[in-house]
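A.B. asks:
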Amino acid sequence: MAPSKVDQHQLFQTYKGKFKALADELRLKIMYELNQRGQVCVCDLTDIVGLSQSKLSYHLRILLDANLIQQEKIGTWNYYRLNETEVKNLLSEELCCIFYPNSP
144 MAPSKVDQHQ LFQTYKGKFK ALADELRLKI MYELNQRGQV CVCDLTDIVG
194 LSQSKLSYHL RILLDANLIQ QEKIGTWNYY RLNETEVKNL LSEELCCIFY
244 PNSP
């Protein structure tokens, strides 16, 4: 069953945000490092990717808004990790289902 025009528009907007978040080399580097290291404190991530905390926060917010990473507050520090489910969905058949909804 194909999504309605309203649902389709919302779905397109969701994927637009995800791909926009992925269309930046620094954000890809952040995601790569999170994938390699697991959960990382923002204080360590600044050194790992070589960004000031304010610039890093900007990129983290975009990734969070796109649901590509997850955040957990432990004490006074924020820790980030890759949202593996969401990333794997982008790399799987899920996106194909939008364009080919009646395919077996």
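Just so we're aligned: 207 in my numbering is position 64 of the sequence shown, and the numbers increase by one with no gaps anywhere.
Backbone N, C-alpha and C fix where the C-beta goes; we use that ideal spot for every residue, glycine too.
Exposed or buried, His-152, counting other C-beta atoms within 10 Å across all chains shown (16 or more means buried)?
C.D. replies: Position 9 of the sequence shown, counted from the first residue, corresponds to residue 152. Exposed, by the Cβ-count rule.
A.B. asks: At which residue ranges does the region 147-213 contain complete alpha helix (DSSP H) runs of 4 or more residues, listed in the order of the chain?
C.D. replies: 148-165, 168-180, 185-192, 196-208
A.B. asks: Using the Cα positions of Glu-176 and Gly-218, report the straight-line distance between them to the nearest angstrom.
C.D. replies: Translated into positions along the sequence shown, residue 176 becomes position 33. Translated into positions along the sequence shown, residue 218 becomes position 75. In this structure, the alpha-carbon of Glu-176 lies about 22 Å from that of Gly-218.
A.B. asks: Quick check on Val-149: buried or exposed, where buried means 16 or more other Cβ atoms within 10 Å of its Cβ?
C.D. replies: As a working note, residue 149 is residue 6 in the sequence shown. It is exposed - the Cβ of Val-149 has fewer than 16 other Cβ atoms within 10 Å.
A.B. asks: For the 8 Å Cβ check, are there 3 or more pairs between the region 151-169 and the region 177-186?
C.D. replies: no
A.B. asks: Could you check if Leu-234 is buried or exposed, using at least 16 other CB atoms within 10 Å of its CB as the buried criterion?
C.D. replies: The residue you call residue 234 lines up with position 91 of the sequence shown. Exposed is the call here.
A.B. asks: Is the beta carbon of Leu-211 less than 7 Å from the beta carbon of Glu-229?
C.D. replies: The residue you call residue 211 lines up with position 68 of the sequence shown. The residue you call residue 229 lines up with position 86 of the sequence shown. Yes.
A.B. asks: Taking the alpha-carbon of Tyr-158 as reference, which of Leu-206, Trp-220, Asn-221 has the nearest alpha-carbon?
C.D. replies: Position 15 of the sequence shown, counted from the first residue, corresponds to residue 158. Ranking the options by Cα distance to Tyr-158, first place goes to Leu-206.
A.B. asks: When the Cα atoms are used, what is the spatial distance from Ile-191 to Gln-213?
C.D. replies: The count along the sequence shown starts at 1 and reaches residue 191 at position 48. The count along the sequence shown starts at 1 and reaches residue 213 at position 70. Ile-191 and Gln-213: Cα-Cα distance of roughly 18 Å.
A.B. asks: Pull the bridge partners of Lys-216 from the DSSP assignment, please.
C.D. replies: Within the sequence shown, residue 216 is the residue found at index 73, counting from 1. DSSP, once it has assigned bridges, lists Asn-221 as partnering Lys-216.
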